[in-house]
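Peer 1: First, the structure itself, so that you have it in front of you.
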Amino acid sequence: MNKLVSFLFFIVSITNFSSDSNQFIARQGQISFFSYTSVENIEAVNNQVLSIFDLDKKEIAISMLMRAFVFKKDLMYEHFNESYVESDIYPKATFEGKIIDFDKKSEQPQTKIIRGTLTIHGVSKNIDIKTTIKKEKNKYVFTGDFTAAVDDFQIKIPPILSSNIAKIISIKFRFQYEPYEQ
Amino acid sequence: MKNKFYTYLLLFLIGLILVGGYIFIKNTFKSSEKNLEKESALVSLNSDDLVTSFFNDETKSNKRYTGKIIEVTGFVKEISYLNNRITLILSSNTNSYGVICDVNSSQKEKINKLKKNQKILVKGICKGFLKDVILQNCYIDTLTNE
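Read top to bottom, the protein sequences are chains A and B. Okay, so the first sequence: first residue is 1 according to the working numbering, each after it adds one. Okay, so the second sequence: first residue is 1001 according to the working numbering, each after it adds one.
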């Protein structure tokens, strides 16, 4: 009897353990942003965004290096990193959030809201992001887009350049998650 | 005589403006994907040391490596073509940490010949550390004598 109890306990602890590590990772998440004004269009892509998706907790965490955004022009890259987001002081931007009403059993694509906190330039802001989640075999693909206001993150743009940079920046993302073996 | 002097001065000034303008335009509009092939790296080290350095002290390592051209030797763990990029991951001895190299498209043929666990040399611009050290605009070199 004792043996049976300990065996059951063992089984339970194993299943607990395996469900604890039900995590997925994207090392090459893609985030791009666009600023459209009548003067100039600026776009930048970061192809090395890190994200971890916890299937059981329905949570995701994202971290990216501001310096990993690639611009068409060197000067845009310099302005962005040195003057606007101040990458020396704030090298990373992060997002942490919970997927609302996520159905982890569904094999169909589902569109859900991720409610969380976005931190850019050392300033955190609560935000809801709509995302489409597709399951492909044992992979998950998250895609979507949203907007962010430059002012919300205390990013100062000199008046002389304010007509070159949009007040609202549109952001697109794509994350392809694979099982995470630690 | 004086007139001639002014003509030369004027020509000289015009020349100066043209050269200055050319340099300004070249710097302003040059592409950020510059060719690193002929540039020499600031430091050369192996992937284990690079990852360990960032793992132990990220701030110090950022000062030392971030924004600089560095040369890393390591073993090929994975090659991926996600999002139409060529990405090479070098393994390290620190658990699941590694070096992610975003490879310059000119290196495509060299990439095709690579095998898993092959020892290679990668030169690129260090961008910092997340779970892996990130290098961009990478050029690769296969090490022949090993």
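Glycine included, each C-beta is placed from N, C-alpha and C at the ideal position.
1. Give the secondary structure of S63 (chain A) by DSSP, where H, G and I count as helix, E and B as strand, and everything else as coil.
2. Quick check on DSSP: helix, strand or coil for R1064 (chain B)?
3. Are at least three pairs of beta-carbons, each pair with one atom in the segment 157-168 of chain A and one in the segment 91-108 of chain A, less than 8 angstroms apart?
4. Using the C-alpha atoms, what's the distance from M76 (chain A) back to T1052 (chain B)?
5. What residues from the segment 1128-1145 of chain B come within 7 angstroms of chain A, judged by C-beta to C-beta, listed N to C?
6. To the nearest angstrom, how far is it from the Cα of S18 (chain A) to the Cα of E181 (chain A)?
7. Go to K969 (chain B), then tell me how far its alpha helix (DSSP H) extends in each direction, as first and last residue.
8. Compare the C-beta of L1100 (chain B) against all C-beta atoms of chain A and say whether one is closer than 7 angstroms.
9. For a contact defined as C-beta to C-beta under 7 angstroms, what are the partners of S1096 (chain B) on chain A?
10. Strictly below 8 angstroms CB to CB, what residues from chain B border L161 (chain A)?
11. Quick check: the Cα distance between G1020 (chain B) and I1014 (chain B), rounded to an integer number of angstroms?
12. Could you pull out every unbroken beta strand (DSSP E) segment of at least 3 residues lying fully inside the segment 65-142 of chain A, listed in chain order?
13. Which chain A residues sit within Cβ distance under 7 angstroms of S1080 (chain B)?
14. Please list the partners that T1087 (chain B) has in chain A, where partner means a Cβ-to-Cβ separation under 7 angstroms.
Peer 2: With the given structure in hand:
1. Position 63 of the first sequence, counted from the start, is the residue given in the question as residue 63 (chain A). When secondary structure is reduced to three states using DSSP, S63 (chain A) falls in the strand class.
2. Taking the first residue of the second sequence as position 1, residue 1064 (chain B) is located at position 64. Secondary structure at R1064 (chain B): helix, using DSSP grouped into helix, strand and coil.
3. no
4. Within the second sequence, residue 1052 (chain B) is the residue found at index 52, counting from 1. Within the first sequence, residue 76 (chain A) is the residue found at index 76, counting from 1. Distance between the alpha carbons of T1052 (chain B) and M76 (chain A) is about 32 angstroms.
5. G1128, L1130, K1131, D1132, I1134 and Q1136
6. Within the first sequence, the letter at position 18 stands for residue 18 (chain A). Within the first sequence, the letter at position 181 stands for residue 181 (chain A). Residue placement at S18 (chain A) is poorly supported in this model, since its pLDDT is 49, which falls under 50; the coordinates are not used for a value here.
7. Residue 969 (chain B) falls outside the range modelled here, since chain B spans only 1001 to 1146, and no answer is possible.
8. Residue numbering aside, residue 1100 (chain B) sits at position 100 when the second sequence is read from its first letter. One detail in the question is off: residue 1100 (chain B) reads as Ile in this sequence, not Leu. The Cβ of I1100 (chain B) sits closer than 7 angstroms to at least one Cβ of chain A.
9. On the second sequence, position 96 is the one that residue 1096 (chain B) refers to. The answer, in chain order, is Q182.
10. In the first sequence, residue 161 (chain A) corresponds to position 161, counting from 1. Those within 8 angstroms of L161 (chain A) in chain B number zero; the least Cβ separation is about 14 angstroms.
11. The sequence position of residue 1020 (chain B) within the second sequence is 20, counting from 1. The sequence position of residue 1014 (chain B) within the second sequence is 14, counting from 1. Spanning the two alpha carbons is a distance of roughly 10 angstroms.
12. 92-99, 110-120 and 123-136
13. Here residue 1080 (chain B) refers to the residue found at position 80 when the second sequence is read from its first residue. Per Cβ cutoff of 7 angstroms: Q28.
14. Your numbering for residue 1087 (chain B) matches position 87 in the second sequence. Within 7 angstroms Cβ-Cβ: Q28.
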